[in-house]
């Protein structure tokens, strides 16, 4: 809430410890439907297997570079569906990319 304006009630310091607990548990109030839904999603996404998928040793830069190069060689606003040009361009890109 550091970028909120003066209107933000959570930016102001808590008067008491009870008020701070109430702020932290605000989603659990009103029947707790939202809290239960968030907890279910959180539990599914924070298993060891899911976390291992997020923290792999690979970089996304290679993928982004490949996507940028492909969009340069085969722009989306041109059609290559009736020729071998698209396949040739993709093969050319793979050759270039693997040599770098």
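Residue numbers (the numbering used here): 13 to 112.
Glycine included, each C-beta is placed from N, C-alpha and C at the ideal position.
All figures in this text were calculated on a predicted structure; none of them were measured in a lab.
Item, Value
"Inside the segment 42-81 only - alpha helix (DSSP H) runs reaching at least 4 residues", "45-57 and 60-66"
"Opening and closing residue of the alpha helix (DSSP H) in which residue 29 lies", "29-36"
"Three-way DSSP call (helix, strand, coil) for residue 23 in this model", "coil"
"Simplified DSSP assignment, three categories, for residue 99", "helix"
"Backbone secondary structure at residue 92 - three-state DSSP", "coil"
"Which listed residue (36, 105, 38 and 25) has its alpha carbon closest to that of residue 75", "105"
"Alpha carbon of residue 92 to alpha carbon of residue 77, nearest angstrom", "21 Å"
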